[in-house]
Amino acid sequence: TLDGGTRTFRLAPQAGTHEFVPGKPAQTMGYNGAYLGPTLRAARGERVRVAVENRLTEATTVHFHGMVLPAAADGGPHAMINPGASTNPEWTIDQPAATLWYHPHPHGSTEKQVGYGLAGLFILDEPGTNEAAALPHTYGVDDIPLIVQDRRLDADGKITFDPAGNSLGTLGNSIAANGTLGAVLSVTTQRVRLRILNASNGRWFKFGLADHRPFHMVASDGGLLAAPLELTSVQLSPAERAEIVVELKPGESVMLRSFAPDLGRVNPPDAFGGGKEFDVVRLDAAASLAPSAALPAAFAALPAPEGTTTAVSRSFTFNGRSINNKTMDMNRIDFTAAPGEAEVWFVDNVSAYQHNVHVHGVQFRLVDIDGKQPPPERAGWKDTIPLLPREQNRIAFRMPKYADSEHPYMYHCHLLTHEDEGMMGQFLVA
Ligand code: C2O
Ligand code: CU
Ligand code: CU
Numbered sequence: 075t076l077d078g079g080t081r082t083f084r085l086a087p088q089a090g091t092h093e094f095v096p097g098k099p100a101q102t103m104g105y106n107g108a109y110l111g112p113t114l115r116a117a118r119g120e121r122v123r124v125a126v127e128n129r130l131t132e133a134t135t136v137h138f139h140g141m142v143l144p145a146a147a148d149g150g151p152h153a154m155i156n157p158g159a160s161t162n163p164e165w166t167i168d169q170p171a172a173t174l175w176y177h178p179h180p181h182g183s184t185e186k187q188v189g190y191g192l193a194g195l196f197i198l199d200e201p202g203t204n205e206a207a208a209l210p211h212t213y214g215v216d217d218i219p220l221i222v223q224d225r226r227l228d229a230d231g232k233i234t235f236d237p238a239g240n241s242l243g244t245l246g247n248s249i250a251a252n253g254t255l256g257a258v259l260s261v262t263t264q265r266v267r268l269r270i271l272n273a274s275n276g277r278w279f280k281f282g283l284a285d286h287r288p289f290h291m292v293a294s295d296g297g298l299l300a301a302p303l304e305l306t307s308v309q310l311s312p313a314e315r316a317e318i319v320v321e322l323k324p325g326e327s328v329m330l331r332s333f334a335p336d337l338g339r340v341n342p343p344d345a346f347g348g349g350k351e352f353d354v355v356r357l358d359a360a361a362s363l364a365p366s367a368a369l370p371a372a373f374a375a376l377p378a379p380e381g382t383t384t385a386v387s388r389s390f391t392f393n394g395r396s397i398n399n400k401t402m403d404m405n406r407i408d409f410t411a412a413p414g415e416a417e418v419w420f421v422d423n424v425s426a427y428q429h430n431v432h433v434h435g436v437q438f439r440l441v442d443i444d445g446k447q448p449p450p451e452r453a454g455w456k457d458t459i460p461l462l463p464r465e466q467n468r469i470a471f472r473m474p475k476y477a478d479s480e481h482p483y484m485y486h487c488h489l490l491t492h493e494d495e496g497m498m499g500q501f502l503v504a
């Protein structure tokens, strides 16, 4: 609703039941419903307010992943909302069109709350740009939200977590697309845009079409790429997004799959979720398809990454469950940065298995991986990047412009078990 120029959304986290397997109800959590949450949508320049009312029997937070916003509205682990309590974070959208998301961030129970279903998309638009019109943009018709999660279901169809806690945390045995196993999408247009979010706990996916036909990736975490990028697969670690445009012929059916992901130096290659393939959603094209506009050759120029030579430089070593040999302490601020300052971070994974890294409040650019140019699908705006074993990634960005000496932003591994176990740090921008 629009109220005095502020677009207001309502989110009520609550418990529910959802049938992943017909006839076998599972305990779940959702926003305003039993599983997942509504897609929120706002445009650049708009003032937004999210009225959250916690109807769970436990405390939670609502974090806006990928959003460039004041730390007080970010919804990190300090922003706990007790059962029955409410909160109303408010900010002005000040970043390009993108597919962002929201999810809980209570320190120590994020895996459980996201795992039971608390997650939703937050789509940002940039009105008046040619791109907005050139890409498929009718929500639910040719512009489809696709939240992909592996869930570990037991024989009764109930959500479970890995008690043994392997190095990656819970890996699931079933793939849910928007909460549905064995999902089917009826396509009525020649081109369909899928806004894919990997909302898994620790699972890497490598999305592609079963017949290996090419598709075009148009956007990464924080917005459009420089140009549509032709690919046959795109790999996403937990929390990463990719918007892809798939072309279909009338009457055909093609499966969106996850092929075996490339986990770098993971050994053996089928450890930690490697080697596994899954069907995600079958795309069924109608007998006649409405024509779609051709994709533009390029999008409005993606700015070059910030220069790194004059930037403030920091190093982060990810190992086991720690960053720079420290685990999360809610009362420790790891560093303070200046508002709007250029930063370059060296993020090094010295573990034998994969991590990833996410930074709150910013969109960054991947400068290089082990000194080499990043792959084109990771060359645009990012807020989360994979950290494969023994790889060093360098990222560049500007700190948020919002000064606040009280509320910190987080940086952490987005494998939720690792995050819960303390693979996280916090910084102030002041
Ligand atoms: Cu997606 Cu700190 O979060
Ligand atoms: Cu985040
Ligand atoms: Cu990790």
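The sequence shown begins at 75 in the UniProt record's numbering and counts up by one. For glycine and all other residues, C-beta sits at the position ideal for the given N, C-alpha and C.
Less than 7 Å between C-beta atoms, sequence neighbours within five positions excluded: which residues of the same chain meet that for residue i?
{"i": "G149", "result": "T135, V136, H137, F138, P163, H179"}
{"i": "residue 58", "result": "Lying before the first or after the last residue shown, residue 58 is absent from the chain, which here runs from 75 to 504."}
{"i": "E415", "result": "V386, R472, M473"}
{"i": "A108", "result": "G90, T91, H92, T102"}
{"i": "D228", "result": "T234"}
Suppose you measure from the CA of residue i to the CA of residue j; what does that come to, to the nearest Å?
{"i": "H286", "j": "M329", "result": "10 Å"}
{"i": "G191", "j": "R388", "result": "35 Å"}
{"i": "N393", "j": "N399", "result": "7 Å"}
{"i": "W165", "j": "V142", "result": "9 Å"}
{"i": "F420", "j": "T263", "result": "44 Å"}
{"i": "L255", "j": "V222", "result": "10 Å"}
{"i": "T391", "j": "L298", "result": "30 Å"}
{"i": "P379", "j": "R472", "result": "10 Å"}
{"i": "A359", "j": "M291", "result": "20 Å"}
{"i": "Q447", "j": "Q466", "result": "12 Å"}
{"i": "T234", "j": "P413", "result": "42 Å"}
{"i": "V355", "j": "F501", "result": "39 Å"}
{"i": "N430", "j": "S396", "result": "12 Å"}
{"i": "F94", "j": "R269", "result": "22 Å"}
{"i": "G182", "j": "R123", "result": "27 Å"}
{"i": "T203", "j": "P219", "result": "21 Å"}
{"i": "Y483", "j": "G435", "result": "7 Å"}
{"i": "E127", "j": "L85", "result": "6 Å"}
{"i": "R115", "j": "A426", "result": "39 Å"}
{"i": "M154", "j": "A146", "result": "12 Å"}
{"i": "L195", "j": "A172", "result": "10 Å"}
{"i": "W175", "j": "F346", "result": "25 Å"}
{"i": "S479", "j": "L305", "result": "44 Å"}
{"i": "E132", "j": "E495", "result": "19 Å"}
Hey, could you find the ends of the alpha helix (DSSP H) residue i is sitting in?
{"i": "A206", "result": "204-208"}
{"i": "K350", "result": "It is not in any alpha helix (DSSP H) - K350 carries neither H nor E in the DSSP assignment."}
{"i": "D494", "result": "490-494"}
{"i": "K186", "result": "184-189"}
From what residue to what residue does the beta strand (DSSP E) around residue i run?
{"i": "T458", "result": "458-461"}
{"i": "K98", "result": "98-105"}
{"i": "W175", "result": "172-177"}
{"i": "residue 527", "result": "Limits of the chain in this structure are 75 at one end and 504 at the other, which puts residue 527 out of reach."}
{"i": "L502", "result": "498-503"}
{"i": "H290", "result": "289-294"}
{"i": "K280", "result": "279-283"}
{"i": "D199", "result": "194-199"}
{"i": "A300", "result": "297-305"}
{"i": "Q428", "result": "Where Q428 is concerned, there is no enclosing beta strand (DSSP E), given that its DSSP letter is neither H nor E."}
{"i": "Q466", "result": "466-472"}
{"i": "V215", "result": "Counting along the chain, V215 falls outside any beta strand (DSSP E), and DSSP gives it neither H nor E."}
{"i": "N393", "result": "386-393"}
{"i": "N309", "result": "Residue identity differs from the one stated: residue 309 is Gln in this sequence, not Asn. Here the beta strand (DSSP E) through Q309 covers 308-310."}
{"i": "T91", "result": "87-95"}
{"i": "S274", "result": "Where S274 is concerned, there is no enclosing beta strand (DSSP E), given that its DSSP letter is neither H nor E."}
{"i": "H137", "result": "137-139"}
{"i": "M329", "result": "327-333"}
Excluding sequence positions up to five away, which residues of its chain have a Cβ less than 6 Å from the Cβ of residue i?
{"i": "R118", "result": "I167, E200"}
{"i": "V261", "result": "L322, L357, A359"}
{"i": "A257", "result": "A251, V355"}
{"i": "P170", "result": "E200, G297"}
{"i": "P370", "result": "A208"}
{"i": "A372", "result": "A301"}
{"i": "T80", "result": "R121, R123"}
{"i": "V320", "result": "V266, F289"}
What do you reckon, is the C-beta of residue i under 7 Å from a heavy atom of ligand 5?
{"i": "H181", "result": "Among the ligands modelled here, namely ligand 1, ligand 2 and ligand 3, ligand 5 does not occur."}
Short of 8 Å in beta carbon distance, which residues of its chain neighbour residue i, apart from the five on each side in sequence? Order them along the chain.
{"i": "R226", "result": "I233, T234, F235, D236, T244, L245, G246, N247, S248"}
{"i": "N106", "result": "R84, L85, A86, Q88, P112"}
{"i": "L303", "result": "H290, M291, V292, P450, E451"}
Check whether the stretch 330-342 touches the stretch 462-476, counting contact only when three or more Cβ pairs, one atom from each stretch, lie closer than 8 Å. yes
Considering only heavy atoms of ligand 1 and the C-beta of each residue, which residues fall inside 6 Å, strictly closer? H137, H139, H177, H179, A313, H432, H434, M484, H486, H488
Is the number of C-beta pairs between the stretch 235-247 and the stretch 310-327 that are closer than 8 Å three or more? no
Three or more C-beta pairs closer than 8 Å, one from the stretch 292-311 and one from the stretch 265-278: is that the case here? yes
Cβ contact (3+ pairs, closer than 8 Å) linking the stretch 449-460 and the stretch 96-103: no
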